[in-house]
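Chemist: The number in the numbering used here is simply the position in the sequence shown, starting from 1, with 710 added. Handing you this structure, nothing more for now.
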Amino acid sequence: MMPTLDLTTAVWRKSTYSDGGANNCLEVADGHPGIVPVRDSKRPDGPVLVFAAGCWGAFLAGVRTEGSTRTRG
């Protein structure tokens, strides 16, 4: 069984790619060694997904690579 993660004092931040004003992006909570908690900004009291830090880093690397190869149209 996984231990319960207390995120009541977590400080959440939005992606630097978001426009900052809209509630339609992901938020992450820093300061949790080895893991990255992620939630939907529209549902701050909703479920939280927890990723291993290495997996989250690989995901971000993939997103950055994909974003740099796409053309806007």
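Idealized CB from N, CA, C, for every residue including glycine.
1. Hey, would you say the C-beta of residue 751 is under 7 Å away from at least one heavy atom of the ligand NAP?
2. Helix, strand or coil: which one does DSSP assign to residue 715?
3. So, helix, strand or coil for residue 758, using DSSP?
4. Using CA coordinates, which residue listed in 740, 741, 766, 725 is at the minimum distance from residue 734?
5. Could you check the C-alpha separation between residue 736 and residue 751 for me, to the nearest Å?
Modeler: Short version:
1. What this structure holds is no ligand at all, so the ligand NAP is not there to describe.
2. In the structure shown, residue 715 sits in coil (DSSP, three-state: anything other than H, G, I, E or B).
3. If DSSP states are grouped into helix, strand and coil, residue 758 belongs with coil.
4. 725
5. Their backbone Cα atoms lie some 6 Å apart in a straight line.
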